[in-house]
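Take the sequence shown: its position 94, counted from the start at 1, is 94 in our numbering, and no numbers get skipped.
Below you'll find the structure, written out as structure tokens, and then a few comments.
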Amino acid sequence: MSTNTTQLSSSYAEENRAPGLRAFCIVLIVLVVFSISMRLWSRCLTPIQPRNPHRFWLDDWFAFAAAPWILAQLSVSLVCLERGFGLHASVLDLAELLLISKNSFILYFLYEAGLFLSRESALLFLRRIFPKNNSPAWFNVGLWIGHFLNIAWLIGYFFGTFFRCNPVEKNWNSSVSGYCGSTRILYLGSAIPGVFIDLFILLLPLPRLSKIQTTLGRKIGIAIVFLLGYCVIVVSIGRLVVVLTTTDALNTDFTYAGVPVSYWATAEPVVCLFGVCVPAMLPLGHHLMNNYLSPMASKVSSMMSSHERGDGYLRSGDEGFTGQGLGYGDSIRGKKSQGTVNMEYTDRLYNTHDLRYIGSQHSIPGTTAYQDPYNTYIRGGQHEALEITNDIPLNNIRVDRDIQITGVNMDRGSINRH
1 MSTNTTQLSS SYAEENRAPG LRAFCIVLIV LVVFSISMRL WSRCLTPIQP RNPHRFWLDD
61 WFAFAAAPWI LAQLSVSLVC LERGFGLHAS VLDLAELLLI SKNSFILYFL YEAGLFLSRE
121 SALLFLRRIF PKNNSPAWFN VGLWIGHFLN IAWLIGYFFG TFFRCNPVEK NWNSSVSGYC
181 GSTRILYLGS AIPGVFIDLF ILLLPLPRLS KIQTTLGRKI GIAIVFLLGY CVIVVSIGRL
241 VVVLTTTDAL NTDFTYAGVP VSYWATAEPV VCLFGVCVPA MLPLGHHLMN NYLSPMASKV
301 SSMMSSHERG DGYLRSGDEG FTGQGLGYGD SIRGKKSQGT VNMEYTDRLY NTHDLRYIGS
361 QHSIPGTTAY QDPYNTYIRG GQHEALEITN DIPLNNIRVD RDIQITGVNM DRGSINRH
């Protein structure tokens with residue numbers, strides 16, 4: 001019995017959820033840096049317009065402002081993981097628990113700041129693509145309502161977090177006398193309004209999207225940002241569900257039970273920021289496509305086309321020969337008889353638009369052959385002519401597609417073409 005208890009205690013102490021969350025945070029850090037860097041690069045490539053001499057607008061500045069807060073949130077999360085977050089609270093000493101509690105309290109404010117600024121960037125992006133003078137009154141009022149809801153969420157979450165415990169120190173030090181409000185209510189008070197605000201931002205411009213007159217690239221960018229916006233809602237709902245199912249465990253073992261909530265809480269601002277940065281990357285996408293990807297694709301296509309055409313090969317012997325061109329379906333057949341090779345060339349040519357066969361056939365009788373076997377190469381793949389060359393000193397024979405042979409003068413040993 002004692003042995004089983006010891007094994008159970010050892011297994012319990014070794015349970016650690018930190019490695020997965022640590023890798024997840026590192027990936028999110030890379031995604032944030034990538035998003036902001038690509039947005040900045042893309043804006044620098046955008047030509048300055050006479051009506052708008054500034055490369056950056058408010059939506060850009062709010063996105064840039066959100067990045068440091070989100071990176072700080074992810075960095076503090078990594079510090080918590082190094083101090084023991086992910087292990088059971090019962091296996092940690094009081095100093096580690098106190099440090100994790102302080103950092104967790106800081107994470108609340110970093111999370112709300114990053115998410116607030118990212119939402120503001122999304123709202124300002126809508127103002128950018130739907131100018132005030134060209135928008136109906138209901139849309140302009142709706143944008144102001146969106147800003148108001150976002151600011152109200154920020155203020156409510158800030159005061160709800162800061163004054164959840166009295167005194168404030170009790171938020172991270174449970175040994176201090178006083179009382180604290182429900183953690184469940186705090187999480188629900190943040191998640192439910194957050195889902196509503198995200199949904200409001202997404203639904204607001206839908207009536208106008210069908211009437212928008214802009215370039216195809218910009219329409220694609222708008223579609224992408226809305227798709228990623230719905231991903232933000234999925235993350236918000238996921239965080240809400242996890243909070244509802246783990247509230248009791250959070251109150252008794254927050255360092256271990258809080259890991260699933262941390263996945264959703266760290267992903268939400270990052271996904272929101274990435275979503276508002278994607279449309280701004282379109283000029284960079286055009287630049288890379290026109291200067292690098294398209295030329296590279298053309299070279300690859302040209303190389304593959306040249307390889308597919310290739311060079312045909314023909315070998316003759318004493319009795320006869322047959323060969324097949326590797327270009328457009330060219331073929332040549334011949335028969336050796338009494339020092340003369342009768343050659344028939346068939347050209348299979350297809351219409352490139354509807355692939356209709358429009359082939360033709362030419363015969364070249366009376367061609368003199370040599371007694372020794374030799375190799376003949378057929379070079380096909382061109383619309384204008386087929387060239388037959390020998391590795392012995394013979395004149396090249398070029399057969400045009402519009403040649404018609406009507407007779408052969410055997411006495412002169414030449415071919416009359418009319």
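Ideal Cβ positions, reconstructed from N, Cα and C, are used throughout, including at glycine.
C-beta contact flag for residue i and residue j at 8 Å
{"i": "Arg17", "j": "Gly86", "result": "yes"}
{"i": "Leu45", "j": "Leu74", "result": "no"}
{"i": "Arg267", "j": "Val235", "result": "The sequence shown places Ala at residue 267, rather than the Arg named in the question. Closer than 8 Å, so yes."}
{"i": "Ala65", "j": "Leu273", "result": "no"}
{"i": "Gly146", "j": "Leu58", "result": "no"}
{"i": "Ser262", "j": "Leu99", "result": "no"}
{"i": "Leu240", "j": "Val271", "result": "no"}
{"i": "Phe130", "j": "Arg218", "result": "no"}
{"i": "Trp41", "j": "Leu284", "result": "yes"}
{"i": "Leu202", "j": "Phe226", "result": "yes"}
Residue burial classification, residue i (beta-carbon count within 10 angstroms, cutoff 16)
{"i": "Leu143", "result": "buried"}
{"i": "Ile332", "result": "With a pLDDT of 44 at Ile332, under the threshold of 50, the predicted position of this residue should be treated as unreliable, though the coordinate-derived value follows. Buried, because 16 or more other Cβ atoms sit within 10 Å of the Cβ of Ile332."}
{"i": "Val141", "result": "exposed"}
{"i": "Asn166", "result": "exposed"}
{"i": "Ile212", "result": "exposed"}
{"i": "Leu107", "result": "buried"}
{"i": "Phe148", "result": "exposed"}
{"i": "Ala95", "result": "exposed"}
{"i": "Asn171", "result": "buried"}
{"i": "Cys180", "result": "exposed"}
{"i": "Ala265", "result": "buried"}
{"i": "Leu206", "result": "exposed"}
{"i": "Glu112", "result": "buried"}
{"i": "Glu120", "result": "buried"}
{"i": "Leu293", "result": "exposed"}
{"i": "Ser104", "result": "buried"}
{"i": "Val32", "result": "buried"}
{"i": "Phe254", "result": "buried"}
{"i": "Leu258", "result": "Checking the sequence shown, residue 258 turns out to be Gly, not Leu. Classification for Gly258: buried."}
{"i": "Ile26", "result": "exposed"}
{"i": "Phe34", "result": "exposed"}
{"i": "Gly178", "result": "exposed"}
{"i": "Ile185", "result": "exposed"}
{"i": "Thr214", "result": "exposed"}
{"i": "Lys299", "result": "exposed"}
{"i": "Glu15", "result": "exposed"}
{"i": "Thr246", "result": "buried"}
{"i": "Asp198", "result": "buried"}
Sheet register partners of residue i (DSSP bridge)
{"i": "Asn166", "result": "Tyr179"}
{"i": "Leu87", "result": "Phe85"}
Whole-angstrom C-beta distance between residue j and residue i, which should lie under 8 Å
{"i": "Ala89", "j": "Tyr256", "result": "7 Å"}
{"i": "Pro269", "j": "Ser118", "result": "6 Å"}
{"i": "Thr183", "j": "Leu250", "result": "6 Å"}
{"i": "Leu97", "j": "Val76", "result": "Actually they are not in contact, since the Cβ atoms of Leu97 and Val76 sit about 16 Å apart, beyond 8 Å."}
{"i": "Gly114", "j": "Trp69", "result": "4 Å"}
{"i": "Val242", "j": "Pro260", "result": "5 Å"}
{"i": "Ala72", "j": "Cys277", "result": "Not confirmed; about 18 Å, so no contact."}
{"i": "Ser101", "j": "Asn150", "result": "Rounded, the Cβ-Cβ distance is 29 Å, inconsistent with contact."}
Residue i CB to nearest heavy atom of the ligand ZN below 7 Å
{"i": "Ile192", "result": "The ligand ZN is not part of the structure shown, which contains no ligands of any sort."}
Stretch-stretch touch, CB-based, cutoff 8 Å, three pairs: the region 116–125 with the region 79–98: no
At least three beta-carbon pairs within less than 8 Å, the region 153–170 to the region 182–192: yes
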